[in-house]
Amino acid sequence: MNSYLQSFSTYECHKILKKKLNGTKCNVKSYEFSPLPNKMGFLGDHCFLIVNYEEIDRSNYVHFFCKTMCTTESQRIFAIDTGAFYKECAIYKRLIPIFLKNGVDLIRDCVPDCYLINDMNYLIFDDLKSKGYQTVTQRESMTLDCVKLCLEALAKLHCASLIFEEKMRLKTGAPYILSEEFPEYFKETFFTEVQMSVNLIEATKKGVRAQIDLFGSDWRIDLDHFKRLACDIFDQFREIVKPSKLFRNTICHGDLWSANIMFKFAGDKPVHCKLIDFQSYRYGPPGQDFMGFMYLATDREFRREYMGDMANYFYDKMSEILREENFNISEIIPREEFQRSCDYYKLFSIAQSINHFQLIMSSPEVADGLFSEVGALNRVLFEDKSLIVIPCCQMDEIYRRRMLETTLDLRDIFIDKGLLKLI
1 MNSYLQSFST
11 YECHKILKKK
21 LNGTKCNVKS
31 YEFSPLPNKM
41 GFLGDHCFLI
51 VNYEEIDRSN
61 YVHFFCKTMC
71 TTESQRIFAI
81 DTGAFYKECA
91 IYKRLIPIFL
101 KNGVDLIRDC
111 VPDCYLINDM
121 NYLIFDDLKS
131 KGYQTVTQRE
141 SMTLDCVKLC
151 LEALAKLHCA
161 SLIFEEKMRL
171 KTGAPYILSE
181 EFPEYFKETF
191 FTEVQMSVNL
201 IEATKKGVRA
211 QIDLFGSDWR
221 IDLDHFKRLA
231 CDIFDQFREI
241 VKPSKLFRNT
251 ICHGDLWSAN
261 IMFKFAGDKP
271 VHCKLIDFQS
281 YRYGPPGQDF
291 MGFMYLATDR
301 EFRREYMGDM
311 ANYFYDKMSE
321 ILREENFNIS
331 EIIPREEFQR
341 SCDYYKLFSI
351 AQSINHFQLI
361 MSSPEVADGL
371 FSEVGALNRV
381 LFEDKSLIVI
391 PCCQMDEIYR
401 RRMLETTLDL
411 RDIFIDKGLL
421 KLI
């Protein structure tokens with residue numbers, strides 16, 4: 001058994017079932033933890049909890065999803081040093097309950113229910129998969145229907161935070177800023193001065209240089225200058241992700257790629273969406289999450305056709321949600337401010353997509369091989385991502401296409417800003 005689950009007992013099962021069944025009396029007959037067929041993520045281990053219980057002479061089974069601290073030593077150290085696992089415990093144990101206590105029930109519609117948190121050991125969630133939710137492939141662009149549903153869920157997350165702050169402002173008569181009230185819960189996860197975070201960025205920069213060499217030979221630009229500009233933006237991540245002094249901040253998810261977004265389908269049509277994995281949330285403007293999502297979940301062609309429409313769709317959804325709570329979005333985040341924030345975070349979002357895509361765009365076979373060999377994964381993540389970028393670009397057409405797109409996006413924004421010139 002996973003060592004972080006050794007303290008779990010029938011007593012915890014009863015607590016979970018009591019919450020799940022809204023207090024209905026029942027007896028736990030048995031429970032078991034069932035491993036997932038594939039490794040899901042870097043900063044946690046995962047399994048299913050299957051509980052057999054008796055209720056009014058009927059035997060039932062219920063499935064839960066369990067996330068534990070990493071059992072692999074290097075990943076465990078990274079999760080502890082960055083505070084990633086602590087943050088996810090905090091949002092479910094502290095922040096979401098505070099929202100619910102103050103009538104901000106909206107939050108429950110965009111995140112899974114969490115029934116038990118054992119600090120720094122495990123969290124027990126609703127098993128969304130057993131309710132018909134699933135992720136979509138990260139190797140292809142999301143469909144328009146999926147993008148809209150995710151933006152609706154994201155609008156709910158952001159508005160829940162804004163509504164709570166506005167309610168507290170009216171209650172106290174003074175500005176209420178979540179990151180100042182709970183600073184320990186909003187410490188940045190990935191882009192910090194922690195040595196492993198520094199190593200991760202340095203490894204990414206080696207991958208970026210390899211991308212530029214692979215794709216840029218006929219681009220009529222100074223490739224060495226392009227590499228310097230690219231590396232400079234990664235070095236600025238630590239400052240960029242701090243709470244904004246220019247724009248209104250809210251709780252941002254911070255890591256909106258396809259694996260962290262689950263959709264419920266009716267036939268082929270997605271009908272609902274929930275956001276999962278809150279190890280990277282931060283306090284920032286909605287535009288940061290919106291742009292981050294658009295560059296992580298959609299491709300260049302989709303953005304060319306729909307970026308403006310989706311920005312309006314997202315903003316209008318936030319406006320609608322706030323209006324239902326008797327708040328006027330123009331007094332909180334005017335449309336012009338939102339658009340400026342999107343423009344501001346565009347470069348960061350492009351660079352972030354490069355950081356992510358170097359690993360997550362690899363084929364399932366390559367990813368499974370990496371995650372099964374800790375030494376190889378650590379070399380790629382913390383030493384040199386060109387070790388995966390170069391071979392994957394050579395043998396995987398999908399990977400090559402998506403990496404080319406991110407490199408083109410980065411080239412184009414530097415040209416648009418006048419930082420890179422054609423020669």
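Letter 122 of the sequence shown, counting from 1, is numbered 122 in UniProt numbering, and no numbers are missing.
In this text, a Cβ means the ideal position worked out from N, Cα and C, and glycines have one as well.
- The count of Cβ pairs closer than 8 angstroms, one atom from the stretch 84–93 and one from the stretch 253–269, stays below three, leaving the stretches out of contact.
- Lys274 sits in a strand when the DSSP states are folded into three classes.
- Ranking Pro391, Asp277, Glu320, Thr298 by CA distance to the CA of Phe125 puts Asp277 first.
- Distance check between Ala210 and each of Asp384, Phe186, Ala155 places Asp384 closest, using alpha-carbon atoms only.
- It is roughly 45 angstroms from the alpha-carbon of Phe85 to the alpha-carbon of Leu422.
- Secondary structure of Val241 (DSSP, three-state): coil.
- Take the alpha-carbon of Asp113 and the one of Asn328: they are about 29 angstroms apart.
- Cβ neighbours of Cys146 within its own chain (closer than 7 angstroms, five residues either side excluded): Val136, Phe263, Pro270.
- With 16 or more other CB atoms across the displayed protein chains lying within 10 angstroms of its CB, Ser353 is buried.
- Residue range 45–55 is occupied by the beta strand (DSSP E) that includes Val51.
- Assigned with DSSP and collapsed to three states, Arg220 falls in coil, not helix or strand.
- The criterion of a C-beta distance shorter than 8 angstroms is satisfied by Arg300 and Leu408.
- For Asp412, the uninterrupted alpha helix (DSSP H) segment begins and ends at 397–416.
- Taking C-beta separations shorter than 6 angstroms and ignoring five residues to either side along the sequence, the partners of Asp109 in its chain run Lys156, following chain order.
- In the three-state reduction of the DSSP assignment, Thr68 falls in the strand class, which pools E and B.
- In this structure, Phe338 places its C-beta atom within 8 angstroms of the C-beta atom of Pro286.
- Apart from the 5 residues on each side of it in sequence, Leu144 has no Cβ closer than 6 angstroms to any other Cβ in its chain.
- Ser74 and Leu200 have their C-alpha atoms spaced approximately 13 angstroms apart.
- For Asp126, the uninterrupted beta strand (DSSP E) segment begins and ends at 122–126.
- Ranked by how close their Cα comes to the Cα of Lys148, the residues Lys205, Ile398, Asp224, His272 have His272 in first place.
- The residues Ala160, Ile163, Phe164, in chain order, have a CB closer than 7 angstroms to that of Val104 in the same chain once the five nearest residues on each side in sequence are set aside.
- Bridge pairing for Leu116: Ile124 [DSSP].
- Contact check for Cys342 and Phe290: beta-carbon distance about 6 angstroms, within the 8 angstroms limit, so the pair qualifies.
- Bridge partners of Gln134 according to DSSP: Phe263.
- Taking Lys25 as the centre and dropping the five residues before and after it, the same chain places the C-beta of Glu55 closer than 8 angstroms to its C-beta, in chain order.
- DSSP places Glu32 inside the beta strand (DSSP E), whose first and last residues are 27–35.
- Bridge partners of Tyr283 according to DSSP: Ile251.
- Tyr185 sits in a helix when the DSSP states are folded into three classes.
- The beta carbons of Gln138 and Ile360 sit about 5 angstroms from each other, so the pair counts as a contact at 8 angstroms.
- Counting along the chain, Tyr344 sits inside the alpha helix (DSSP H) bounded by residues 335–344.
- Contact between the stretch 1–8 and the stretch 63–72 is present: three or more C-beta pairs spanning the two stretches fall below 8 angstroms.
- Nearest to Ile390 by alpha-carbon distance, out of Ile212, Leu410, Phe302, is Ile212.
- Secondary structure note for Val147: its alpha helix (DSSP H) is the uninterrupted segment 144–172.
- The Cβ atoms of Tyr399 and Ser372 do not sit closer than 8 angstroms to each other.
- Bridge pairing for Leu422: Ile221 [DSSP].
- Annotated three-state conformation of Tyr176 is coil, per DSSP.
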